[in-house]
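Residue numbers (my numbering), protein chains in the order written: chain U, 1 to 298; chain S, 1001 to 1348. Working notes, structure below.
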């Protein structure tokens, strides 16, 4: 009995049809691996080049100095401060509005044509090129509301840019909260507001925060809308309030990359490393939140 | 129940952590805002306020250098400098959003009209020369000089030149690869004005980039390539590309600090400008900055790769600013007029 089973398995393995299928399957696996490596390879090449060009210029002097016409004295301080101001203010505006909108759409709005219309609009807005938000920001915040070329105007524009992404991420997360949780709360006499506040929102929070951080990470790399709303390229002071003029990391990097002198190109690479570090840091926070939430749900 | 509470707490903790993270960032942002108001007691060091400069990316390095040096004279004055292009900068200037506009071409009549409509006046000041340089591949053995007519044949609108042999019969029968700045650039405006006789008129089937480094890379990588760009970019890439002397009919001249400064590199040497709003010029910090600009320009202009104007031109510019002479000296036929004479108009 045992022997015959082994033999039948062996004959099966050597059957030409099966072998062909296995070879095909393996080939497909390798093909997929190749394509996966394609993306990684480009990333590695990019990182290698940036690190090779920029690492030598990355020191405390670079991080703590203002830009200069002399490459050896130039630093990225105003860019770092500008970007941090921008992202912090963007979060202040975009997160409450985005989460509230998602809560309304998921928890309160009844399925209707209006709701579908809003939903389609948000999905479309998420795909609008960032420069369009820049033009909108220039017309509304800079000119109509006379906020001038301030970090506040830049943040509000960026908030518009990330809002659709935050709403969609928050909606997904809220949808993932099991209905039984809500029903249990209702069964104990909780109102809808109490249910949302004490149960739905806390359960959805990790997903929402991950979405928020990822969308803010996207915003910190944006250049076009900021140039549109009038971020400067040379700024030798740090903003001390939301109405101050500002520059941002990507603008400073572009400015250096477009200079004729090769030394400035190296500075641009060093600036890219700084930007990447901030991005990694933000993504790290997102991963940490996911990890902690996975642990606390156990 | 207790399990649920734990989860709530930990979520709250996370929110708190995130909020304090951003609060910290904001706090850090508030931190280094100290100004270095120290020692020197002359008038400029007492000044404060903001002088906002925007405009041409060609002029940007000069304004940046002046703004950087100005900090040591007037540490409390903020001078942010933008680079949204000559045209883009003028839009902001007309809106009253900036005090000074950097320009790599003279102000257009349409821009003057809109400024007048907005009730704003301007003072036009030349600050440096730029010599648009025509470049070819380093190993290009055939091109030793190009006349203005040949450049025009290559770059005019609807040009049918596709091969080098169509420019000169003795040149190789190889496809010509064209690189140049895009139509938003002041370099493009000036080159097309000087070569094609009409600012903005150019063939469009060429590789265009607003970043002159891309033009360098393009020409350096194509044996049959030709392109034009700002003088500073040629100087920095001398070993990667070859510059072509230009013959306006009176003999071939290559761009150099000397030939651009004395006007022999014609017609591709152009002055670049700053435009100061008369309303802003009344403010002491703006006045002080512009005076400092014209004072330091000869030294700083050369440092960032441009060519200084003749000393007489800076003197005239200073007088022009001191007397508040408004309006543009351009608009009519100015060919062959030296820059200091040109700007003497209206100056006593």
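Glycine included, every Cβ here is placed at the ideal spot set by N, Cα and C. Keep in mind that this is a model prediction, so the values were computed, not measured.
Classify residue i as helix, strand or coil using the three-state DSSP reduction.
| i | result |
| --- | --- |
| residue 1035 of chain S | Reliability fails at residue 1035 of chain S, whose pLDDT of 38 lies under 50, so the model's placement of it is uncertain and no value is given. |
| residue 1126 of chain S | strand |
| residue 1211 of chain S | coil |
| residue 1137 of chain S | strand |
| residue 1269 of chain S | strand |
| residue 358 of chain U | Past the boundaries of the shown model lies residue 358 of chain U; chain U is included only from 1 to 298, so the question cannot be answered. |
| residue 128 of chain U | coil |
| residue 58 of chain U | coil |
| residue 1283 of chain S | coil |
| residue 1180 of chain S | strand |
| residue 1339 of chain S | helix |
| residue 80 of chain U | helix |
| residue 1156 of chain S | coil |
| residue 1193 of chain S | helix |
| residue 1023 of chain S | Since pLDDT at residue 1023 of chain S reaches only 48, below the 50 mark, its modelled position is unreliable, and the value read off the structure follows with that caveat. Helix. |
| residue 44 of chain U | helix |
| residue 1145 of chain S | coil |
| residue 1239 of chain S | coil |
| residue 24 of chain U | helix |
| residue 72 of chain U | coil |
| residue 1315 of chain S | helix |
| residue 951 of chain S | Lying outside 1001 to 1348, the shown extent of chain S, residue 951 of chain S is not represented and no answer is given. |
State yes or no: is the beta carbon of residue i nearer than 8 angstroms to at least one beta carbon in chain S?
| i | result |
| --- | --- |
| residue 234 of chain U | yes |
| residue 94 of chain U | no |
| residue 250 of chain U | no |
| residue 112 of chain U | no |
| residue 255 of chain U | yes |
| residue 227 of chain U | yes |
| residue 169 of chain U | no |
| residue 149 of chain U | yes |
| residue 245 of chain U | yes |
| residue 230 of chain U | yes |
| residue 287 of chain U | no |
| residue 178 of chain U | no |
Find out if the Cβ-Cβ distance for the pair residue i, residue j is shorter than 8 angstroms.
| i | j | result |
| --- | --- | --- |
| residue 1244 of chain S | residue 1325 of chain S | no |
| residue 232 of chain U | residue 245 of chain U | yes |
| residue 1265 of chain S | residue 1253 of chain S | yes |
| residue 250 of chain U | residue 275 of chain U | yes |
| residue 1306 of chain S | residue 1062 of chain S | yes |
| residue 1047 of chain S | residue 1284 of chain S | yes |
| residue 44 of chain U | residue 134 of chain U | no |
| residue 1348 of chain S | residue 1310 of chain S | no |
| residue 86 of chain U | residue 248 of chain U | yes |
| residue 1133 of chain S | residue 1228 of chain S | yes |
| residue 172 of chain U | residue 207 of chain U | yes |
| residue 1274 of chain S | residue 1101 of chain S | yes |
| residue 1276 of chain S | residue 1290 of chain S | yes |
| residue 237 of chain U | residue 155 of chain U | no |
| residue 1195 of chain S | residue 1142 of chain S | no |
| residue 1144 of chain S | residue 1098 of chain S | no |
| residue 65 of chain U | residue 77 of chain U | yes |
| residue 257 of chain U | residue 131 of chain U | no |
| residue 1236 of chain S | residue 260 of chain U | yes |
Taking the beta carbon of residue i as the centre, do at least 16 other beta carbons fall within 10 Å, making it buried, or is it exposed?
| i | result |
| --- | --- |
| residue 1238 of chain S | exposed |
| residue 1039 of chain S | Reliability of the predicted coordinates at residue 1039 of chain S is poor, the pLDDT of 38 falling under 50, and no value is obtained from them. |
| residue 1093 of chain S | buried |
| residue 120 of chain U | exposed |
| residue 106 of chain U | buried |
| residue 1068 of chain S | buried |
| residue 20 of chain U | exposed |
| residue 1249 of chain S | exposed |
| residue 1220 of chain S | buried |
| residue 1024 of chain S | At residue 1024 of chain S the pLDDT is 46, less than 50, meaning the model places this residue with poor confidence; the figure from the coordinates comes in the next sentence. Per the 10 Å Cβ criterion, exposed. |
Does residue i get closer than 8 angstroms to chain U when you measure Cβ to Cβ?
| i | result |
| --- | --- |
| residue 1149 of chain S | no |
| residue 1349 of chain S | There is no way to answer for residue 1349 of chain S, as the model of chain S reaches only from 1001 to 1348. |
| residue 1228 of chain S | no |
| residue 1050 of chain S | yes |
| residue 1293 of chain S | no |
| residue 1082 of chain S | yes |
| residue 1057 of chain S | yes |
| residue 1068 of chain S | yes |
| residue 1190 of chain S | no |
Runs of alpha helix (DSSP H) lying entirely within the stretch 1062 to 1122 of chain S, each at least 4 residues, in chain order: Within the stretch 1062 to 1122 of chain S, the complete alpha helix (DSSP H) runs of at least 4 residues fall at 1086 to 1094, 1109 to 1117.
What runs of the alpha helix (DSSP H), each 4 residues or longer, lie entirely inside the stretch 224 to 288 of chain U? Taking 4 residues as the minimum length, the alpha helix (DSSP H) runs contained wholly in the stretch 224 to 288 of chain U are 224 to 229, 249 to 257, in order along the chain.
List, from N- to C-terminal side, the alpha helix (DSSP H) runs of 4 residues or more that fit wholly inside the stretch 135 to 177 of chain U. Counting only runs of 4 or more, we get 151 to 175.
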